[in-house]
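Below you'll find the structure, written out as C-alpha cells, and then a few comments.
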C-alpha cells in the first residue's frame, strides 16, 4: 500500500485523493473480505451504522456511494456497542435483579490506578508474557494469557469442557519411541504439518524396524524463531514457517538422520471425492528445508525427504522398503513392522472417532453445547491454534475436531459439495460441516491460517454448507502474531449469542443454488464466452473446440474493471489469475451485451494439486452471487480420470483436441520467439505485431487433423517474412521470463512487463507453452519409479512413443526457426528441462508450473541468459515451493544467476515493480558486457 500511495502522489494525486481512496478501501474491504456481500439489497432500505470508524465522514460517504443509499449515523456511533451492552444488562437486571458491582461514577478514576508487572508463564509450550494489573482495592487482572490454566480472571464456566485436541495429542505422540535392544540408528522426525496425521504410522514402522525415533519438542516461539532466518517465503502459512525451527531443533539434538517425507497423496477417505491430494505446501515443504537449511551439507546430518504416497498399500510397501533396506533393516523384520504401523494408524483414527462421539453423545444427553473446531491436523498444535480450544473449554463448552466423524456418516461430495473435492484435509472439513449442521447442539468454529491457499476455497464453501442448516461458522484467522484478547472475544461472543437465543428462535435456512448443466441442446443454443489468455495462444486453444461444432467468443483483454468485479465476486485471498478471469467473465455478462439464455462461460481446469483446479467452482459461486443463475459453466480439462465438471453437452474429440492444441501451441511458441527476437530491434514500430496477427489468421484454419504439413510450410513463410523486417542487429541484453502460466503469458496480469523491458532495449525470452503441456512425459515415468502412481509397461511405452512423435514435430519447427537470420534458441526437449530441474529439486513437485520453473531457469542459464524474472501471483502456494522455496539451491547450482521474483496482485505498485526491474536491467547489461569481453579475449588469443 505504501508503494501505491507514493506512486499516486508522484502522479499528482492530492492528500484529499489519497484519504478518499483509503476511505473507499475500508468500505470495499468490509464488503469484499469481511461480509463477503455482493447483493446490497439485503441491507434493506433503512441503514444505520455504528462504530468508531464511522466517525470519519469520508468512510460514511464512501459507504453511501458504494450501496447507492442514504445511511444514518448516530451522533454516538463510537459508543453504540457500549450502549447496547448497557441495554442488555438492564434487561437482565430487570429479569433477575442482583447487587451491582459498579464502583460509582465518582470512583471511575480509580479504574486507571493500578500497578503493572510482567512475567513469563511457563505453564505450557506457549510461554506467554502475562501482565498483572493490581488495583488499589487489592484486586488483580491478567492480560496476555492465552488460557486460564495458570493465570485466571475467573472467566471459567461451571464445569471444564472436554478437549478432543488434548486427547488427540496423547493418541498421536504418547507411544514407544525406542526399540527393544540396541537401535540401528536414531532418526529425528519434526513435529510439523503432515506428521500431526502420520506420526503413529512412521513411529511404529521405525521402532518395530529397530530404529530409535526422536520427535522434536512441542512447538514454542523460541523453537519457531530458530528457523526464521531460513524461511524463504514471507507470506507462507505459519504452520510451514515453524517447520524450519523444528528441523534446527533436531539438528541440535544430533540425531543420526532426519526423516521428513514429501507426501503427495493421502489415504482415500471418501469414495465420492475427486482426489486425495495434500496441499502443495504440505507436500513440498520438506524440499524447501533441504534447500534453505541443507542439514547434511552444513551439519553433517543426512536429510531424507523421500517422495511418498499413502494412496495404495502397494505404494506404501514399495516406498517404505526402498527407504529402510539401505538402512540395514531385514525384510522379515520390515514386513512385520509395516503390518504394525498400518494397525497403529487405524487404531489412532478409530480412537479419535470413539472419543469424539463419546463427547458428543454425553453433551447431547446433558443438553450442552459442543464446538467443532474445523481445521487441519496441525491446528492441534497449541502454538498454531493460540490455545483456542482451551479458551472454549474454560467457559465450559466441549471441543471436538473435524476428524471425529464416523465413517458411515460421510457425505456424498458430488451431491453436497459445490467445489472440487481435490484435497483430503479440506474434504474432511466439508464432511464435518455437513455433519455438524445436521445436529442442533453443535456449532462450528473454523481455524484459518493466514496465507493458507486451499482455505481461499474452503472458507467460502463451509459457510454456505452451514447456511443450509441455518448456521454460520465463526472463522478465526490465526498466524504467528498472538492476539488472545480478540480470539477470546470472538469465542465468548459466539457462546453468549447461543445462550441468548430464546425458545422462539427460528433458524434462517438458506438453500444452495445450483447452476444448470451444459446440455447437448446447448451446443447450438449457447455461445461459450472465454477469457483472453494470451494473444499468441488463445485463438489456437479455442479453435480446437470450434472444430467440434462449439461456438466460442474470446473476450477482449481484461482491464481494471475486470479486477474490480473479480474482487467483488471472489474470495480476495484466491490467486490473482482467478480474480481477473472470473471478474472478466462476470463483467462481460453485466455489460448487457449478451443474453444470459444464449451463453455459457468456460475456463480451464487441471485437476491437480494447485488451486487452479478450483477456478470453475469459484466461477460458479461468482455467477450465483452476481445473480446469473441460469448460465452453465464448462471446464476444459485434459484429465482422463474422474470428470471434474459435469457437462453432458461438452464432449470434445480427444484426437481433434490434442492435435489442434498441440500444433496450435507449437505454432504460437514459434510466433512468440520470432516476435520477441524481432520486435525489440525493428525500425518500423509495429511491423512484427502485424506479422504475428497475419500468421495467426492464416494458421488457425490449418489446425484440422492432417494439415500439419501445410502448417510447417506456413511457418517457413513466416520466418522468411520476419527475415525481411528492417532491424538493428546490435546484440542486446537478454532477460528470461518464467513463472505461473497465466501471469507469464497474459500481458495485463503482469503489468505489460515484456513491453516495458523491450522499451528499455532489453530482449525478452519467454518459455514455450508447449513444454508445459508435455511435462507429463517426464512426470509419469517419475511417478512410476517413485511409487507415487505406478503405470503398466504398455502405458509407459505408449507414452514414450507419443513423446517421440511430438518431438519429431518440435524438431522440425526448430529446424525452420534456425533459418531466422539473427539466430534463434530452440524449443528445448522436456527431458532436458527435467534433467536440469533435478539438479535443484525433486520431480515429485507436480503442482502449478511444478519443476518446470527450476528446469526452465537452468535452461536459460545454459543458453547464456543469467538474468531471469519469475512472475507469480501473490501468495501462490505452488511457487512457495518450486520457486521462492528453492531459490538458495538454484543460485548454488547456477552461481551467476540473477533472479528476480515479482508477485502480482490487484494492489501491485507499478513504481515498485519498475524500480526492482531497473536493478535487473543493470545486471543484464553487465552480463552482456562480460560476455562480450570474454568473446573479445578469445578472439585476441586466437
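Numbering (my numbering), first residue to last: 111 to 1052.
For every residue, glycine included, the Cβ atom is placed at its ideal position computed from N, Cα and C.
What you are looking at is a predicted structure, and each value in this text was computed from that prediction instead of being measured.
- In the DSSP annotation of this structure, the continuous segment of the beta strand (DSSP E) that includes residue 556 starts and ends at 552-559.
- Boundaries for residue 503: no beta strand (DSSP E) harbours it, while the alpha helix (DSSP H) harbouring it runs 498-504, taken from the DSSP string.
- Under the DSSP assignment, residue 138 falls outside any beta strand (DSSP E), being part of the alpha helix (DSSP H) whose first and last residues are 125-139.
- Per DSSP, reduced to three states, the secondary structure at residue 948 is coil, with no helix or strand assignment.
- For the set 740, 616 and 716, the Cα lying nearest the Cα of residue 623 is the one of 740.
- In the three-state reduction of the DSSP assignment, residue 488 falls in the helix class, which pools H, G and I.
- Between the alpha carbons of residue 956 and residue 377 lies a distance of about 19 Å.
- One thing to note: residue 508 has its Cβ within 8 Å of the Cβ of residue 480.
- Between residue 511 and residue 466, the beta carbon gap of about 7 Å places them in contact (Cβ cut-off 8 Å).
- Nearest Cα to residue 523 within the set 575, 698, 277 and 757: 575.
- Taken atom to atom, the span from the alpha-carbon of residue 162 to that of residue 178 is near 22 Å.
- A direct Cα-Cα distance of roughly 24 Å separates residue 404 from residue 892.
- Below 8 Å, enough C-beta pairs join the region 485-495 and the region 546-560 to call them touching: three or more.
- Of the candidates 911, 925, 790 and 1003, the residue whose Cα lies closest to the Cα of residue 869 is 790.
- 805 is the residue among 805, 819 and 841 whose C-alpha sits nearest the C-alpha of residue 830.
- For residue 622, the secondary structure class from DSSP, reduced to helix, strand or coil, is coil.
- Within the model, the alpha-carbon separation for residue 223 versus residue 296 is close to 57 Å.
- If one requires a minimum length of 4 residues, no alpha helix (DSSP H) run lies completely within the region 138-165.
- By the C-beta density criterion, residue 155 is exposed, having fewer than 16 other C-beta atoms within 10 angstroms.
- The beta carbon of residue 872 sits closer than 8 Å to those of 790, 842, 843, 844, 845, 1031 and 1034, all from its chain and outside the five residues before and after it, given in chain order.
- In the DSSP assignment, residue 652 falls within the unbroken alpha helix (DSSP H) covering 648-656.
- In the DSSP assignment, residue 324 is bridged to 298.
- Residue 788 is positioned such that its CB atom lies no closer than 8 Å to that of residue 747.
- Within a 10 Å sphere around the beta-carbon of residue 736 sit 16 or more other beta-carbons, which makes this residue buried.
- When the beta-carbon positions are compared, residue 767 and residue 744 stay at least 8 Å from each other.
- The shortest CA-to-CA distance from residue 894 to any of 175, 656 and 422 is the one to 422.
- If the five residues before and after residue 581 are omitted, its C-beta is found closer than 6 Å to the C-beta atoms of 547, all from its own chain and listed in chain order.
- The residue among 338, 734, 364 and 291 with its C-alpha nearest the C-alpha of residue 411 is 364.
- If you look at residue 577, you'll find it in the alpha helix (DSSP H) that goes 565-577.
- The region 182-192 makes no contact with the region 211-225; the number of CB pairs closer than 8 Å stays below 3.
- The distance from the Cβ of residue 425 to that of residue 833 is about 53 Å, inconsistent with a contact at the 8 Å cut-off.
- The three-state reading of DSSP puts residue 849 in strand, counting E and B together.
- Around residue 282, the same chain offers 309 as residues with beta carbons nearer than 6 Å, after the five sequence neighbours per side are excluded.
- Look at residue 277 here: in three-state DSSP terms it is helix.
- Sixteen is the threshold: when 16 or more other Cβ atoms of the shown chains lie within 10 Å of the Cβ of residue 953, as they do, the residue is buried.
- The DSSP-derived three-state label of residue 245 is strand.
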